[in-house]
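Counting with the numbering used here, you get residues 714 to 774 for the letters of the sequence shown. Built from N, CA and C at the ideal position, the CB exists for glycine as well. Some notes on the structure that comes next.
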Amino acid sequence: MIKSDFNEQLLNKKEAIEMAIFKCKNCGETKEGSCTPEKCPKCGAEGTMQKKETGCCSCKC
Ligand SMILES: [Zn+2]
Numbered sequence: 714m715i716k717s718d719f720n721e722q723l724l725n726k727k728e729a730i731e732m733a734i735f736k737c738k739n740c741g742e743t744k745e746g747s748c749t750p751e752k753c754p755k756c757g758a759e760g761t762m763q764k765k766e767t768g769c770c771s772c773k774c
């Protein structure tokens, strides 16, 4: 019961925020956000931030 409630909370939280990882194709900088950044926070290039598929963690397992 406790485990079920915990999973449900995780799902609700994920749906509410809808965070995604965006990666700059110019310099490789990654940024987490709810929408695509207009420009890269690191190199300043515009339109280079692309949504990156996320796995269970940063190791891409
Ligand atoms: Zn960049």
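Pick from the options that is closest to residue i, judged by C-alpha positions
{"i": "residue 748", "options": "736, 755, 757 and 741", "result": "736"}
{"i": "residue 734", "options": "721, 759 and 753", "result": "753"}
{"i": "residue 761", "options": "739, 744 and 743", "result": "739"}
{"i": "residue 765", "options": "741, 757, 756 and 720", "result": "741"}
Terminal residues of the beta strand (DSSP E) in which residue i lies
{"i": "residue 737", "result": "733 to 737"}
Paired residues, beta bridge with residue i - DSSP
{"i": "residue 764", "result": "735"}
{"i": "residue 793", "result": "Residue numbering for the chain in the displayed model covers 714 to 774; residue 793 lies beyond these limits and cannot be assessed."}
{"i": "residue 746", "result": "733"}
Anticipated Cβ contact below 8 Å, residue i with residue j, distance rounded
{"i": "residue 732", "j": "residue 751", "result": "That pair is no contact at about 17 Å."}
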